[in-house]
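Note sheet for the following structure.
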Amino acid sequence: MTEILAALLLVLGAAISLIAAIGVARLPDAFLRMHAATKAGVVGAGLMLVGAGLAFGGGDAWLRVGLIVLFLLVTVPISSHALGRAAYIGGAPLWPGSKDALAGVLPRQSIDEDDGLPVPAKQAAAIPAPVIGSMPGAQDSPARPAGPGEAHGAAP
Amino acid sequence: MTLIGAALALSALLLAAAVALTAWRMLRGPGIADRAVAMDLLGLLAVGATTLAAVAGGHLALLDIALGLGLVGFVGAVGVAAFITRASRPPEARDD
Numbered sequence: 004m005t006e007i008l009a010a011l012l013l014v015l016g017a018a019i020s021l022i023a024a025i026g027v028a029r030l031p032d033a034f035l036r037m038h039a040a041t042k043a044g045v046v047g048a049g050l051m052l053v054g055a056g057l058a059f060g061g062g063d064a065w066l067r068v069g070l071i072v073l074f075l076l077v078t079v080p081i082s083s084h085a086l087g088r089a090a091y092i093g094g095a096p097l098w099p100g101s102k103d104a105l106a107g108v109l110p111r112q113s114i115d116e117d118d119g120l121p122v123p124a125k126q127a128a129a130i131p132a133p134v135i136g137s138m139p140g141a142q143d144s145p146a147r148p149a150g151p152g153e154a155h156g157a158a159p
Numbered sequence: 003m004t005l006i007g008a009a010l011a012l013s014a015l016l017l018a019a020a021v022a023l024t025a026w027r028m029l030r031g032p033g034i035a036d037r038a039v040a041m042d043l044l045g046l047l048a049v050g051a052t053t054l055a056a057v058a059g060g061h062l063a064l065l066d067i068a069l070g071l072g073l074v075g076f077v078g079a080v081g082v083a084a085f086i087t088r089a090s091r092p093p094e095a096r097d098d
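Protein chains in written order, with this note's numbering: chain A, 4 to 159; chain B, 3 to 98.
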């Protein structure tokens with residue numbers, strides 16, 4: 004009986020992992036792909052782990068299985084949230100059927116649809132870089148050592 | 003072949019298909035966010051595959067390796083997310 008249940012859970016977990024992978028391959032934008040990867044991925048891995056716990060039996064195996072499942076349940080939402088936020092800020096295109104609920108809440112880089120390059124970076128690249136050594140006052144201020152942050156601000 | 007053995011073979015087949023699809027998305031992109039999401043899922047699939055290997059070989063220690071893989075996947079995903087966020091800010095808004 005335990006063996007049947009363990010086999011069933013292992014196959015079910017692998018099948019749900021495959022569904023997650025199909026979602027990642029087929030869904031139309033990065034956010035929907037993340038939705039498939041995290042939820043179905045955690046359920047798939049968790050079911051396989053519980054199946055392994057049943058197959059092994061014993062407290063040693065269940066301790067490890069419980070730890071891993073708890074760890075996955077705690078960390079995967081955090082990492083997927085961070086990835087989704089980064090994707091939004093980085094300007095990953097939204098599927099046309101979805102609503103931009105974060106417009107005005109988070110800054111968002113705009114991406115040129117032709118070549119996929121970010122628009123502000125192209126503008127910055129179009130401006131010729133100033134020669135830092137020739138600027139007045141750039142070298143004769145030993146009392147205030149210029150940090151890397153100041154080098155950005157002092158070169159418009 | 004025992005029941006568990008058959009289940010392990012079938013699960014390994016399904017997981018291989020899942021890894022192939024995820025790797026295709028990782029190579030295809032189109033953006034860095036899509037690749038990062040695919041990497042996140044690959045970490046989860048690696049945890050599952052290591053679990054299958056633990057059952058197949060009867061080694062409990064492989065479950066510890068699965069825990070380590072989960073940890074590495076988490077740290078990697080958060081690191082990539084921080085990188086994307088930092089690289090996307092306009093130059094005048096950077097304070098680092």
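Beta carbons are placed, not taken as given, at the ideal position from N, Cα and C, and that holds for glycine. All values derive from a computational prediction rather than experimental measurement.
- Query: For Leu64(B), which residues from the same chain have a beta carbon less than 8 Å from its beta carbon, with the 5 sequence-adjacent residues on both sides left out?
  - Reply: Within the second sequence, the letter at position 62 stands for residue 64(B). Closer than 8 Å at the Cβ level, and outside the excluded window around Leu64(B), lie Thr52, Thr53, Ala55, Ala56.
- Query: By a C-beta neighbour count over all protein chains shown, 10 Å radius and 16 as the cutoff for buried, is Met4(A) buried or exposed?
  - Reply: For the purposes of this step, residue 4(A) is taken as the residue at position 1 of the first sequence. Met4(A) comes out exposed.
- Does the beta carbon of Leu23(B) come closer than 8 Å to any beta carbon on chain A? Numbered from 1 along the second sequence, position 21 holds the residue referred to as residue 23(B). Interface residue, yes.
- Message: Within 8 Å of any Cβ in chain B, is that where the Cβ of Leu73(A) sits?
- Response: The count along the first sequence starts at 1 and reaches residue 73(A) at position 70. No, its Cβ sits nowhere closer than 8 Å to a Cβ of chain B.
- Message: On the DSSP letters alone, give me the boundaries of the alpha helix (DSSP H) that His84(A) sits inside.
- Response: Within the first sequence, residue 84(A) is the residue found at index 81, counting from 1. For His84(A), the uninterrupted alpha helix (DSSP H) run begins and ends at 61 to 92, by DSSP.
- Message: Quick check: the Cα distance between Arg37(B) and Val21(B), rounded to an integer number of angstroms?
- Response: Against the second sequence, residue 37(B) aligns to sequence position 35. Against the second sequence, residue 21(B) aligns to sequence position 19. Looking at the two C-alpha atoms, the distance is approximately 13 Å.
- Query: Of the residues Gly45(B), Ala19(B), Ile67(B), Leu69(B), which one's Cα is nearest the Cα of Ser82(A)?
  - Reply: Position 79 of the first sequence, counted from the first residue, corresponds to residue 82(A). If we check each option's Cα against that of Ser82(A), Gly45(B) comes out closest.
- Task: Consider the Cβ of Gly33(B): report whether some Cβ of chain A lies at a distance smaller than 8 Å.
- Result: Indexing the second sequence from 1 puts residue 33(B) at position 31. Gly33(B) counts as touching chain A.
- Can you name the residues of chain A whose CB is closer than 7 Å to the CB of Leu10(B)? Within the second sequence, numbered from 1, the residue matching residue 10(B) stands at position 8. Scanning chain A for C-beta atoms nearer than 7 Å to the C-beta of Leu10(B) yields Leu13, reported in chain order.
- Report the neighbours of Leu69(B) on chain A: residues whose CB is nearer than 8 Å to its CB, in chain order. Position 67 of the second sequence, counted from the first residue, corresponds to residue 69(B). Here the neighbours are Arg67, Leu70, Ile71, Phe74.
- Message: Among Leu86(A), Arg111(A), Met51(A), whose alpha-carbon lies nearest the alpha-carbon of Arg36(A)?
- Response: Locating residue 36(A) in the first sequence gives position 33, where the first residue counts as 1. The residue with the shortest Cα to Cα distance from Arg36(A) is Leu86(A).
- Message: In whole angstroms, give me the CA-to-CA distance for Trp65(A) and Gly56(A).
- Response: Walking along the first sequence from the start, residue 65(A) turns up at place 62. Walking along the first sequence from the start, residue 56(A) turns up at place 53. Taking the straight line from one Cα to the other gives about 5 Å.
- Neighbour-count burial assignment, Val79(A), 16 or more Cβ in a 10 Å radius: Counting from one through the first sequence, the residue named residue 79(A) turns up at place 76. The Cβ neighbour count for Val79(A), taken over all protein chains shown within 10 Å, is at least 16; the residue is labelled buried.
- Task: Alpha carbon to alpha carbon, how far is Thr4(B) from Val82(B)? Give it in angstroms, no decimals.
- Result: Position 80 of the second sequence, counted from the start, is the residue given in the question as residue 82(B). Position 2 of the second sequence, counted from the start, is the residue given in the question as residue 4(B). Approximately 43 Å between the Cα atoms of the pair.
- Item | Nearest-angstrom Cα separation, counted from Gly62(A) out to Ala40(A) | Taking the first residue of the first sequence as 1, we reach residue 40(A) at position 37. Taking the first residue of the first sequence as 1, we reach residue 62(A) at position 59. Spanning the two alpha carbons is a distance of roughly 31 Å.
- What does DSSP give as the partner residues of Leu109(A) in its beta bridges? As a working mapping, residue 109(A) is identified with position 106 in the first sequence. As computed with DSSP, Leu109(A) is found in a beta bridge with Ala106(A).
- Item | Minimum Cβ-Cβ distance from Gly16(A) to chain B less than 8 Å | As a working mapping, residue 16(A) is identified with position 13 in the first sequence. Closer than 8 Å to some Cβ of chain B, the Cβ of Gly16(A) qualifies, so yes.
- Per-residue contacts from Leu59(B) into chain A (C-beta, under 8 Å): In the second sequence, the residue the question calls residue 59(B) occupies position 57. As written in the sequence, residue 59(B) is Gly, which differs from the Leu given in the question. Ordered by position in chain A, no residue passes the 8 Å Cβ test against Gly59(B), which lies about 11 Å from the chain.
- Item | Residues near Thr87(B) in its chain [Cβ-Cβ closer than 6 Å; skip 5 each side] | To locate residue 87(B), count along the second sequence from 1; it is residue 85. Excluding five sequence positions before and after Thr87(B), none of the CB atoms of its chain fall closer than 6 Å to its own CB.
- Report the rounded CA-to-CA distance for Arg30(B) versus Leu70(A), giving the unit in angstroms. Position 28 of the second sequence holds residue 30(B). Position 67 of the first sequence holds residue 70(A). Take the alpha-carbon of Arg30(B) and the one of Leu70(A): they are about 34 Å apart.
- Other residues of its chain near Ala40(B): CB distance less than 8 Å, five sequence neighbours each side excluded: Position 38 of the second sequence holds residue 40(B). So the qualifying residues of the chain are Thr24, Ala25, Arg27, Met28.
- For a contact meaning CB atoms closer than 8 Å, what does Asp178(A) contact in chain B? No answer is possible for residue 178(A): it lies beyond the span of chain A, which begins at 4 and ends at 159.
- Message: Between which residues of its own chain and Ala90(A) is the CB-CB distance below 8 Å, once the five residues before and five after are set aside?
- Response: Mapped onto the first sequence, residue 90(A) falls at position 87. These residues qualify, in order along the chain: Ala33, Phe34, Met37.
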